[in-house]
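A.B. asks: Numbered per the UniProt record's numbering, the sequence shown spans residues 1 to 276. Heads up, the beta-carbon is just placed ideally off N, CA and C, and yes, glycines get one too. No experiment lies behind these values; they were computed from the predicted model shown.
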Amino acid sequence: MSAPAPARLTPDPGLTPAFAAVRARLGLVAVLFALAGVGWWWTARQMQGMDEGPWTGLGALGWFLGVWVVMMAAMMFPSVAPTVALYSRMTRKRSPLSPLLFVGGYLVTWAGAGLVAFALVATVDEVAGDVLAWDRAGRWVAGATLVVAAVYELTPLKDVCLGKCRSPLGFLLGSWRDGRWGALRMGARHGGWCVGCCWALMASLFALGVMSVVWMAFVAGLIAIEKTLPWRRVANYGTAVVLLTLGVLLWLAPHGIPALTVPGDGMVDEMEPMGS
1 MSAPAPARLT
11 PDPGLTPAFA
21 AVRARLGLVA
31 VLFALAGVGW
41 WWTARQMQGM
51 DEGPWTGLGA
61 LGWFLGVWVV
71 MMAAMMFPSV
81 APTVALYSRM
91 TRKRSPLSPL
101 LFVGGYLVTW
111 AGAGLVAFAL
121 VATVDEVAGD
131 VLAWDRAGRW
141 VAGATLVVAA
151 VYELTPLKDV
161 CLGKCRSPLG
171 FLLGSWRDGR
181 WGALRMGARH
191 GGWCVGCCWA
201 LMASLFALGV
211 MSVVWMAFVA
221 GLIAIEKTLP
231 WRRVANYGTA
241 VVLLTLGVLL
251 WLAPHGIPAL
261 TVPGDGMVDE
271 MEPMGS
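#1: Using 7 Å as the threshold, is the C-beta distance between V131 and A122 below it?
#2: Taking the beta carbon of T145 as the centre, do at least 16 other beta carbons fall within 10 Å, making it buried, or is it exposed?
#3: Quick check: what's the CA-CA separation for L15 versus P168?
#4: Is V160 buried or exposed, if buried means 16 or more other CB atoms sit within 10 Å of its CB?
#5: To which residues of the same chain is L162 closer than 8 Å at the C-beta, ignoring the five residues directly before and after it?
#6: Given this structure, state the Cα-to-Cα distance separating L246 from A142, to the nearest angstrom.
#7: Between which two residues does the alpha helix (DSSP H) holding residue 277 run?
#8: Check this for me: beta carbons of A200 and Y152, under 7 Å apart or not?
#9: Spatial neighbours of residue 283 within its chain, please: CB distance less than 7 Å, with the 5 preceding and 5 following residues excluded, ordered by chain position.
#10: Within the same chain, show all residues whose beta-carbon is closer than 7 Å to that of L205, passing over the 5 residues directly before and after it, in chain order.
#11: Any idea what DSSP makes of W231, helix, strand or coil?
#12: If you measure between the beta carbons of G105 and A44, is that distance less than 7 Å?
#13: The alpha helix (DSSP H) spanning Q46 covers which residue range?
#14: With a cut-off of 8 Å, do at least 3 Cβ pairs link the region 19-33 to the region 110-121?
#15: Who are the near neighbours of W68 in its chain, counting only those whose CB is closer than 6 Å to its CB and skipping five residues on each side?
#16: Return helix, strand or coil for R189, following the three-state DSSP convention.
#17: How about W110 and G191: are their beta carbons less than 7 Å apart?
#18: In whole angstroms, what separates the C-alpha of W134 from that of I257?
#19: On the three-state DSSP scale, how would you describe R136?
#20: Quick check: what's the CA-CA separation for W176 versus L120?
#21: Applying the 10 Å Cβ sphere with the 16-neighbour rule, what's the burial state of residue 281?
Written as structure tokens, this is what we have:
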């Protein structure tokens with residue numbers, strides 16, 4: 001393995017090199033943002049009318065996996081764009097394919113995370129039936145998921161994984177692999193750190209409504225803030241407070257959460273005119 005030319009740089013100064021790379025690779029960053037925009041548009045079309053609130057059904061595996069990968073592109077490309085731009089700037093050969101392979105490896109890892117999530121939900125359905133129904137344990141499990149996500153925000157593991165995302169130069173120098181296969185492997189490895197950083201936030205998305213574009217945008221916003229806000233601790237603790245508040249509200253006053261689809265409400269509304 002040979003290290004890239006920039007390996008002689010001074011110790012990693014956080015996000016500064018990545019933001020400098022963004023200015024040098026504006027075309028590449030624009031492409032990633034455009035792909036994210038297309039992903040938002042396509043995902044919104046696919047999920048229209050499918051939001052059933054907490055623990056919305058995931059559909060067939062093939063359909064879910066397709067939507068999940070596009071969803072991850074829409075949610076993650078803006079926050080991962082600085083890292084991709086820095087990788088592109090560090091490569092000796094200015095090949096437009098290498099950054100795309102890096103992004104491809106990143107999405108492969110997130111696709112694997114989606115498969116794990118689908119398998120977990122399918123296992124729960126198979127073993128415990130409709131235990132996640134709102135009128136059974138669904139409401140309480142959803143609230144607990146958000147509380148656990150809030151706690152995870154303050155753990156050492158979260159701190160380590162987020163550090164990899166917020167220090168892309170250190171990550172790239174420490175895991176550099178040459179060539180196209182190396183680009184794919186590095187992207188997949190970066191995706192692994194990203195999954196470690198964001199899995200609890202993604203679990204929160206399932207607990208709030210994985211087919212809701214509003215909650216999808218909400219979680220994507222939290223991820224972007226954590227990865228790019230200069231005040232790292234403020235972002236972490238702020239996210240923890242928001243998740244904890246949502247978890248408690250889910251337990252005590254779910255109707256007080258804006259944009260939350262409370263299962264069963266639509267059925268009640270439809271039945272009311274019949275009794276009038």
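C.D. replies: In short, the structure shows the following:
#1: no
#2: buried
#3: 7 Å
#4: exposed
#5: C197, E226, K227, R232 and N236
#6: 10 Å
#7: Outside the shown range of the chain, which is 1 to 276, sits residue 277, and nothing can be said about it.
#8: yes
#9: In this structure the chain extends from 1 to 276, so residue 283 is not present and cannot be described.
#10: W215, M216 and V219
#11: coil
#12: no
#13: L26 to Q46
#14: no
#15: G114
#16: helix
#17: yes
#18: 15 Å
#19: helix
#20: 33 Å
#21: Residue 281 lies beyond the range of the chain shown here (1 to 276); nothing can be said about it.
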